[in-house]
Amino acid sequence: MIKREIHERIGKLKNLINRHRYLYHVLDRQEISDSALDSLKKELFDLEEKNPEFVTSDSPTQRVGGKPLKEFKKIKHPDKMLSLNDAFSEQDMQDWQERISKLLSKKEREGLDFYCELKLDGLAVELIYKNGFLETGATRGDGIIGEDVTQNLKTIEAIPLKLEVPSSKFQVPSKLVVRGEVFLDKKEFEEINKVQQKQGLPLYANPRNIAAGSIRQLDPKITASRHLDSNAYDLLTNFGQITHEEKHKILKALGFKINKNNKYCKNFKEVFEFHKFWQNNREKLPCEIDGIVVVVNNNNIFEKLGVVGKTPRGAIAFKFPLRQATTQIEDIVVQIGRTGAITPVAHLKPINISGTTITRATLHNEDEIKRLGVKIGDTIIVGRAGDVIPDIIKALPELRTGKEKEFKMPKNCPSCGFELSRSRSDRGSATPISSRVLDRVGTKSGKKSETEALLRCPNPKCFARQKKSFCHFVSRVAFDMRGLGPKIIDRLLDEGLIQDPADLFNLKEGDVSQLERFAEKSAENLISAIQNKKEISLSKFIYALGIRNVGEETAKDLADKFGSIKKLGKASFDELQRINDVGPIVAKSIADWFSEAKNKKLLAKFEKVGTKIHHQFKKLKNQKLIGKTFVLTGILQTLARETAKEKIRELGGEISESVSKNTNFVVAGLEPGSKLQKAKRLNVKIIDEHELLAMLK
Ligand code: IVH
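Heads up: the sequence shown begins at 590 in my numbering, then just goes up one per residue.
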């Protein structure tokens, strides 16, 4: 090829490669395979290497980055790069609307509409194009001056090096200013962390950290290896656009990748729907988002609203509820469970996480307190692990004042004074959830300590233990005796009116009304509430007995397998172990419980007071979910969790509490927890609530 031909070929290759970049990143279309595209790039690379005079700044080969820099140059933004105010609730949003409405005319107020964007969790950049070519790219910096990261940004395929020309009449502006977000998708994030782990290097906490770290690399080759992505979200150059939505259309036509999920919303109702939808479906996105950005759609109104401090009045970040927050430990109090287990619980300064106020978080055991290194008075990071359970993730000793107090586990039961005994935890129930959650971000090993032991009060007559077993017995998922709360149980126990749960059925109105401040009417109501619950299903009865390690699901399986309490009491160790989720530890707990004389007496007493235990074996009709195991995670929107479980069981499906390779479906609701991550790791099919509803039809 002569020089002219080479020049032409290079030009064509560049155009073709750029064309496919545009199709892939901007229009979501892939017309040639990755390998075919790689091979075109290779040809271009070889030609340019031999003919360096033909290398231009917009060539796709320039994306791999040039020489490492010594330091970043500073760049002054043509216009201040602002940040956004946050809203965390619909009320915050209404307040925002009220604030801005005051500054608008009646007509403007009434016609107010919005453009909603996904708020990508990455870092903001500004791109400046001169005569159609990317000239500089900068970080936000302090909003006025940023760092020149052009070489690094050039490695991102989603950023055009040369503007597209949307039509022949289009005049490329001499200067174009665009802003957007650079981010890393979740898959890339996991890949990078896998490599870090293999090399024994610390793991990154989230994709944003990698994106930010990669953009501020002095060696663009490192940036290039990170496969960053980018979305444009603001156009500062005037093309006569009237709305923010139009800006996005223009950006797309110029070759920028914009987020296809962004949406015009004509009023707040639509804005709230958009927010709710993405709050529920963010897990399905390839990248992390932490909320939505709501922008006043009319650009004139947006301008008129102006800027307050460092934020424009005309846009707001409507964040999703926080998954983690910081608060203080006001006290650490030990709790005595019905099996005697002693658990330290942190009493927290109230804090709202994922939309719920949290005041208590378990510290699990002594080892966990040591591992976290928490003291009373400490500021801590708290999250909601798994599904909804408050979980202390980390203490912030940097914020100590010196007034914090060390917590020591008691040697004696705070309720009955018995010396506490130490036993190994048997089912892993004491594994701190935070170990598992943080396992994902790598700041902890997630391994259970070998010495982890539970402190127990060995006194079966311990008042606190008794009270807990009564509470368990009357709870909604057991005998469901509404109106019989912990305070009344306290008083009944105090007066010696009840010693075991069967005694409840012997209570008479007079017993209760003699209690101080107990009105006759409420005594009558309480007694009838108790008497109405004499009939109970076998599974609930088994669960109510409070056998160690027998939860609701195991109780259901036991009921289905044995059909009566007598048969269950006679079951052999082997028979028990043949049941779903029942291993030697659970089987031993069951066998031990039935062999104890006091429990035999209790069962006889239940019979005597007239408790009627019934069981219906699963109907064999319409068992379309037979053999399928489901795990539910997160908050379901239309079905109560119990109802969902019930319906799955009715159709023959099984419910399990933890994800394993034997799980068939993980149903992910709102704010799904670590179970979802595990499902992904194990390649278990994940379905949402709608898909579940369809299955249950
Ligand atoms: S701003 C006129 N849109 O959030 C307002 N910011 O701004 C134009 N961010 O650090 C829209 N995604 O980097 C806007 N779709 C989005 C965004 C977004 C993420 C970031 C931005 C900045 C912070 C506040």
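Where is the CB? At the ideal position from N, CA and C, for every residue including glycine.
Going straight from the alpha carbon of residue i to that of residue j, what length do you get?
| i | j | result |
| --- | --- | --- |
| T1218 | V1063 | 29 Å |
| T946 | I940 | 5 Å |
| E597 | D627 | 20 Å |
| F1195 | A1160 | 20 Å |
| G1031 | N1251 | Confidence is the limiting factor: at G1031 the pLDDT is only 28, short of 50, which leaves the residue's position unreliable, though a coordinate-based value still follows. Spanning the two alpha carbons is a distance of roughly 26 Å. |
| L937 | S763 | 58 Å |
| Y611 | G844 | 6 Å |
| P999 | F1007 | 11 Å |
| F703 | K776 | 32 Å |
| T725 | S694 | 40 Å |
| L1192 | E1142 | 21 Å |
| L692 | K855 | 20 Å |
| F866 | A1091 | 48 Å |
| L1271 | S1249 | 7 Å |
| I799 | C876 | 13 Å |
| Q686 | N1169 | 54 Å |
| F891 | A914 | 32 Å |
| E919 | M670 | 40 Å |
| V1066 | F778 | 41 Å |
| D976 | G1258 | With a pLDDT of 38 at D976, under the threshold of 50, the modelled position of that residue is not reliable, and the figure given next carries that caveat. Distance between the alpha carbons of D976 and G1258: 9 Å. |
| V714 | V771 | 7 Å |
In the DSSP output, which residue or residues are listed as bridge partners for residue i?
| i | result |
| --- | --- |
| C876 | DSSP lists no partner for C876. |
| R1011 | L1044 |
| E736 | K663 |
| N1001 | E1008 |
| Y704 | Y853 and V884 |
| I965 | K994 |
| I981 | V971 |
| H936 | D920 and R949 |
| D675 | A906 |
| D818 | F772 |
Could you name the residues of the same chain whose beta carbon sits closer than 8 Å to that of residue i, not counting the 5 residues immediately before and after it, in chain order?
| i | result |
| --- | --- |
| G1135 | R927, T928, S1058, H1061 and F1062 |
| I831 | N887, N888 and N889 |
| I606 | L626, L629, K630, L633 and P649 |
Among the options, whose alpha-carbon lies nearest the alpha-carbon of residue i?
| i | options | result |
| --- | --- | --- |
| R989 | G966, C1005, M998 and K783 | G966 |
| L903 | L792, V922, N889 and K669 | The residue you asked about is not Leu; residue 903 is Gly in the sequence shown. It is N889. |
| I595 | H614, E642, I606 and E620 | E642 |
| L723 | V738, L709, G732 and I734 | V738 |
| L1165 | V1139, K1190 and A1186 | V1139 |
| H574 | A625, N795, G1262 and D818 | Nothing about residue 574 can be read from this structure; the chain reaches only from 590 to 1286. |
| A828 | G1072, H837 and N820 | For the sequence presented, residue 828 should be read as Phe rather than Ala. Among G1072, H837 and N820, the Cα nearest to that of F828 belongs to H837. |
| V885 | E877, F857, G898 and F866 | F857 |
| N1001 | K994, S1010, E993 and E995 | S1010 |
| V754 | G1223, R871 and K841 | K841 |
| Q1103 | G1085, P1075 and L874 | G1085 |
| L1082 | V1066, F1068, G1072 and D1100 | D1100 |
| M539 | E1105, F759, N1048 and E1124 | The structure shown has nothing for residue 539, since the chain only spans 590 to 1286. |
| N1114 | K1097, H666 and S1128 | K1097 |
| A1078 | L1044, I1119 and V1066 | The amino acid at residue 1078 is misidentified as Ala; the sequence shows Ile. Of L1044, I1119 and V1066, the residue nearest in Cα terms is I1119. |
| R1106 | R1080, D1092, I591 and E859 | R1080 |
| V883 | L894, L874, F907 and E862 | F907 |
| G880 | N851, K899, P1047 and I1237 | N851 |
| I1202 | A1148, N1188 and S803 | A1148 |
| Q1266 | L1228, G1223 and L1240 | G1223 |
| G1072 | I970, K1110, D668 and K1234 | K1110 |
| K1156 | K665, F1183 and R1137 | F1183 |
| I804 | T728, I925, P986 and I969 | T728 |
Within a Cβ cutoff of 7 Å, which residues of the same chain sit near residue i, ignoring the five residues on either side of it in sequence?
| i | result |
| --- | --- |
| S1023 | Its pLDDT being 36, under 50, S1023 is placed unreliably by the model, and the measurement read from it follows with that caveat. Taken in chain order, the residues that qualify are A974, D980, I981 and I982. |
| F1162 | A1176 and A1180 |
| G721 | K751, L752 and V761 |
| V922 | V934 and H936 |
| P1021 | Caution is warranted here: a pLDDT of 37 is assigned to P1021, below 50, making its placement in the model unreliable, and the coordinate value is therefore given only provisionally. Around P1021: H953 and E957. |
| A1108 | none |
| K964 | E993, K994, E995 and F996 |
| S1038 | Caution is warranted here: a pLDDT of 39 is assigned to S1038, below 50, making its placement in the model unreliable, and the coordinate value is therefore given only provisionally. The residues are D956. |
| D1277 | A1257 |
Note down, in chain order, each residue of its chain lying with its Cβ closer than 6 Å to the Cβ of residue i, except the 5 sequence neighbours on either side.
| i | result |
| --- | --- |
| V644 | E637 |
| P1075 | C1060 |
| Q1088 | none |
| N1292 | As shown, the chain starts at 590 and ends at 1286. That puts residue 1292 outside it, with no answer to give. |
Between residue i and the ligand SAM, is the CB less than 8 Å from at least one heavy atom?
| i | result |
| --- | --- |
| S672 | The ligand SAM is absent from the structure shown, which contains only the ligand IVH. |
Compare the C-beta of residue i against all C-beta atoms of chain B and say whether one is closer than 9 Å.
| i | result |
| --- | --- |
| S763 | Here chain B cannot be found, since the structure has a single protein chain. |
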